[in-house]
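Worksheet for the structure shown next.
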Amino acid sequence: MLKLRDVRKSFTLPDGSTLPILNVERFEVAAGEQLVLAGQSGSGKTTLLHIIAGITRPDAGSVSFDGTDLAKLSEAARDRFRARHIGYVFQTFNLLPGFSALENVVLGMSFCGTKVDESRARHLLDRVGLGKRLSHKPATLSVGEQQRVAVARALANKPKLLLADEPTASIDARNQQQVLDLIRETCREEKVALLLVTHAPIVAEQFERVEKLEELNRVNEVAAR
Amino acid sequence: MSLWKIALRSIEQRGIASVLTILSMALGVALVVVVLVVHGVIDKTFRTTAGGYEMIVGGKGSPLDLVLNTVYHLGRATEPMSWTFYKEFLPEGKYGGYVQHAIPYCLGDNYEGHRIVATTPEMFTSFEFAPGETYEIGAGRNFGQAAALASGEKLPERKPAKVLADDDDAAAEEEHHHHHAAPPFVNEAVIGALAARQTGLKVGDSFKPTHGVTTSAEDGHEHDPVKVVGILKPTGTPNDKAIFMNIEGFFLLDGHSKSGAHHHGPLPEEEREVTAVLVKTNPEVQMAGMLVSKNINEGQVAMAVFPVAEIRRLLDTTVGPVSTLLLIVAGMIVVVAGIGIIVSIYNSMNERRKEIAVMRSLGASRFSIVSIVMMESLLLALAGGVCGFVLGHALIGLSGGFLLDKTGVQISFLQFPMWEIPLAQGALLVPIELVLLPALIMLAGLVGYFPAVAAYRTDVSRALSNAT
Ligand SMILES: Nc1ncnc2c1ncn2[C@@H]1O[C@H](COP(=O)(O)OP(=O)(O)OP(=O)(O)O)[C@@H](O)[C@H]1O
Ligand SMILES: [Mg+2]
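Those protein sequences? They're chains W and L, same order as listed.
Taken in order, the first sequence gives residues 0 to 224; the numbers are from numbering that gives the first Met the number 0.
Taken in order, the second sequence gives residues 0 to 467; the numbers are from numbering that gives the first Met the number 0.
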C-alpha cells in the first residue's frame with residue numbers, strides 16, 4: 000500500500016547551513032498492517048510521518064500510496080489526499096477547544112468533499128466509549144478521553160492509514176494500555192493500517208513489527224561518506 | 000461542517016474579545032446610522048416643505064429668519080410690514096394679477112411654547128401642505144364666520160342698542176360694554192395635531208395666548224381667551240405643532256395694534272401689521288415670481304424670499320458640512336473598530352497556529368483556512384453592523400422628541416431616508432443606510448487580509464512539532 004523510495008529531507012537552518020535529517024532508501028507498509036516506528040528523540044520520526052501524510056514534501060524520492068506518488072502532487076492535492084486516506088493522532092492538542100467532542104469528529108469529515116455522516120461520528124464516539132459525552136468540550140474531558148476522541152476523529156473518513164505520533168505518551172500508565180488497545184482494535188475493525196511512533200518499550204514490544212529509524216535512515220552514513 | 004460554522008465557533012470561543020470587537024464596531028455603525036438618518040430626514044423635510052407657496056414676503060431683514068419663522072416656526076421674530084403693503088397682493092392691488100393666493104401671517108404670540116400663527120381661513124383651503132395633499136380638519140371646523148355658518152352655527156343675536164345713548168358718558172359706557180362682546184367667530188383657533196396632543200387642548204376648549212414667540216420671552220403678558228374650534232389632521236410638517244388663529248381676533252388682542260392703542264371693533268387698517276405674506280404666484284403669468292420678487296426687493300418696504308432656495312443655501316453651507324464632518328468622525332470610529340478586528344484576530348494567532356495546523360492535518364487546504372479567517376472578520380463586522388443598526392435606530396427613536404422640539408422635524412425609530420439612484424428607466428430607491436453594507440464588507444475584507452496572510456503562511460509541520 001505505502002512505498003517509500005530514496006526519500007530525503009534536510010532542513011535549512013537560520014544560519015543558512017543545511018541539516019540533513021532523513022535518507023530512507025526503502026520503507027513499506029502493507030494494507031491493514033500494524034507496526035511501530037521507534038527511534039531516538041530528534042532522529043526524524045515526526046518528520047517522516049509528515050512526509051507520509053503529505054504535510055511536508057520530501058527533497059527527493061517517492062512516497063507512493065496505492066500507486067499515487069504524493070511527492071509529485073501539488074499541496075492542494077496532497078491536502079485532499081490526506082483528508083480522504085490518512086488519519087493522524089498527535090501526542091497532545093489534537094482537538095479544537097471551541098468544538099464539542101462530536102463537532103471535533105464531524106470536523107474530521109469536513110474537508111474531504113463528501114457529505115458529513117453524523118451518525119458515523121456518533122457511532123465512532125460510542126465505540127471509543129464516549130457515547131454519552133458528545134456535547135462535551137475538550138477542556139471537560141480527561142487527557143485519555145481526549146485521545147480517544149482524537150482516535151475516533153482520525154478514523155472518521157475510513158482512511159487507509161492511521162499515523163499516531165506518541166499517542167499515549169501523555170496518558171497515565173493505567174489508561175495508556177486502554178487507549179493503545181482501543182487504537183489497535185478499531186484499526187483492525189475498520190481495516191486501517193497503523194503506523195505508531197513510540198519511545199516506550201512497553202508499547203513497542205506488543206507489536207510484531209518494530210522498525211528502528213536509525214536502521215532505516217542512512218543519512219549519517221551518507222554524511223560520513 | 001461548513002467553513003461558516005467553523006468561523007462562528009472560533010468567534011464564540013474568543014468570547015469577550017469578540018464581544019468587545021463587535022461592540023466597538025456597533026458604536027461606529029450606530030453613529031453613522033444616526034448621522035445619515037437624521038441628516039437625511041432633515042435634508043428631505045427642509046428641502047420639500049414649501050407648504051404650497053413658493054414665495055414669502057416679509058419686512059426687510061434676514062431672509063433665512065423669515066423662512067425659518069414662517070415655514071418652520073423657528074428662530075427670531077422678524078420685522079413686520081404694513082397692512083397696506085399686504086393689500087397690494089389682493090386682486091385689486093399692484094401685484095394682484097401676478098398672484099393666485101396671498102395669505103397674511105402674523106406671529107408674536109405663543110401658547111405653552113407652541114407658536115400662534117394668525118392668518119385667514121384660506122390658509123387651509125388655498126394651500127396644499129405637500130403636492131396633492133390638502134389640509135384636513137380632523138375634529139371641529141375651520142375658524143371664521145363662513146366655516147361656522149357652514150357647520151350650522153348661528154350668528155349671536157345683536158343686543159338692542161341703548162335708547163339714551165346721546166351723551167359722552169353713555170358713549171363711554173357703550174365702549175365698555177363692547178369690550179366684553181367681541182365680534183362673532185374672531186377669537187377662534189385651529190390647532191395642529193401635535194400641538195393638540197402636547198397641550199391637551201380639545202375642540203371647545205379655550206386658552207390664553209401669551210405674548211412672545213416662545214415661553215421664555217420676557218413679556219409674558221397673557222391675552223384674552225381664544226377658543227379651539229378645530230384640530231388639523233397630522234401633516235408631518237412643522238405646522239403640526241403650530242396653533243392657527245383668526246387674524247381678525249389676533250388684531251384685537253392687547254398690544255397687537257401698531258400704535259399700541261386698545262381697539263374693540265375690527266382693527267382699522269392703518270393700525271394693522273403683518274409679519275409675512277405667503278404667496279403662490281399665478282401660473283398663467285410667465286416669470287411671475289421673478290418679476291414680483293425683483294420689484295419688491297428693489298423697494299424699501301419689504302423683501303421677497305424663495306424658501307426652497309433659502310433652505311437649500313442653509314443646508315449646503317451649514318447643515319451639509321457639519322453632517323459631513325460628523326460622518327467622517329463616525330467613519331473613523333468604524334475604521335478603528337476594524338483595526339480592533341485585526342488586533343483581535345492577530346492576538347489569537349499563536350493559539351490559532353496550532354488550531355490551523357490541526358485542521359490542515361485533517362486535510363483542510365490553505366484556501367479553506369484563509370476563508371475561515373476572512374469569514375470570521377466578515378461575521379464580526381456584520382454582527383457589529385447589525386447591532387449598530389439597531390442601536391442607531393434606538394438612538395434616533397429616543398432623540399426623536401428632542402429633534403421635534405428643536406426643528407419641528409418628525410423622526411421615528413423606523414425611519415429610512417431613501418436614496419434615489421437614477422436608472423435608464425425611472426429610479427431605484429434604496430435606504431441610504433444600505434451603503435453601509437458594501438462598506439462593511441469591504442472593510443471586513445481589508446481587515447481580514449492581514450490575519451489571513453498570517454494564517455496562510457502558517458508552517459504546519461513546525462506548528463505540529465511544537466504541539467507534540
Ligand atoms: N521545520 C524545521 N526546521 C528546522 N529543523 C527542523 C524542523 N523540523 C524538525 N527539525 C529538526 O529535525 C530533527 C528531527 O525532528 P523530528 O521532530 O522529526 O524528531 P523526532 O524523531 O520526532 O523527535 P521526538 O522523538 O523528540 O519527537 C530535529 O533535530 C529537529 O530539530
Ligand atoms: Mg516527534
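In this text, a Cβ means the ideal position worked out from N, Cα and C, and glycines have one as well.
Rounded to the nearest whole angstrom, the C-alpha separation of W:Ser42 and L:Val385 is 54 Å. Fewer than three Cβ pairs drawn from the segment 301–319 of chain L and the segment 131–139 of chain L lie within less than 8 Å of each other, which leaves the two stretches out of contact. By the rule that beta-carbons nearer than 9 Å mark a contact, W:Leu215 does not touch chain L. Against chain L, the CB of W:Val115 has a partner CB under 9 Å away; the residue lies at that interface. Chain order gives the chain W residues near L:Lys353 as Phe92, where near means a beta carbon separation below 7 Å. Take L:Ala356, set aside five residues on each side of it, and the residues of its chain with a beta-carbon closer than 7 Å to its own are Thr457, Val459, Ala462, Leu463 and Ala466, in chain order.
In the same chain as L:Ala6, and ignoring 5 residues on each side of it, the C-beta atoms closer than 7 Å to its own belong to Ile371, Met374, Glu375 and Leu378, in chain order. When 7 Å is used as the limit between beta carbons, L:Ser464 is near these residues of chain W: Thr45, in chain order.
The beta carbon of W:Arg79 falls within 9 Å of a beta carbon belonging to chain L, placing the residue at that interface. Distances taken from the Cβ of W:Thr113 to the heavy atoms of ligand 1 include none shorter than 8 Å.
With contacts defined by Cβ atoms closer than 9 Å, L:Met80 and L:Leu277 do not form a contacting pair.
At a cut-off of 9 Å between C-beta atoms, W:Ala70 does not count as an interface residue with respect to chain L.
If you compare the alpha carbons of W:His49, W:Val105 and W:Ala82 with that of W:Leu21, the shortest gap goes to W:His49.
Shown here, L:Met302 sits in a strand according to DSSP, grouped into three states. Here the distance from the Cβ of W:Asp164 to the nearest heavy atom of ligand 2 is below 8 Å.
Nearest in C-alpha terms to W:Thr167, of all of W:Leu181, W:Gly97 and W:Leu160, is W:Leu181. Beta-bridge partners assigned by DSSP to W:Lys8: W:Leu21. The three-state secondary structure of L:Glu272, taken from DSSP, is strand.
Taking 9 Å as the cut-off, the Cβ atoms of L:Arg365 and L:Tyr455 count as close. Looking at the DSSP output, L:Met54 shares a beta bridge with L:Val278.
Counting every other CB atom within 10 Å of its CB across the protein chains shown gives L:Met244 a total of 16 or more, marking it as buried. Residue side-chain check: W:Thr45 places its Cβ nearer than 8 Å to a non-hydrogen atom of ligand 2.
Of the residues assessed, W:Leu123 falls on the buried side of the cut-off, its CB having 16 or more other CB atoms within 10 angstroms.
Per DSSP, L:Ile230 is one residue of the beta strand (DSSP E) stretching across Val225 to Leu231. Per DSSP, reduced to three states, the secondary structure at W:Asp58 is coil, with no helix or strand assignment. For W:Arg217, no alpha helix (DSSP H) run applies, since DSSP gives it neither H nor E. Counting only Cβ-Cβ distances below 9 Å, L:Val369 has no contacts in chain W at all, with the closest Cβ about 12 Å away.
Annotation for L:Pro320: the continuous alpha helix (DSSP H) segment containing it runs Gly319 to Asn346. At a threshold of 8 Å, L:Phe449 does not count as near ligand 1, since its beta carbon sits no closer than that to any of the ligand's heavy atoms. Counting C-beta atoms within 10 angstroms of its own C-beta, L:Gly387 has 16 or more neighbours from the protein chains shown and is therefore classed as buried.
Put simply, the CB of W:Met108 is near chain L, with a gap under 9 Å to one of its CB atoms. Straight-line spacing of the CA atoms in L:Ser23 and L:Gly383 works out to 7 Å. Distances from the CB of W:Val88 to the heavy atoms of ligand 2 are all 8 Å or more.
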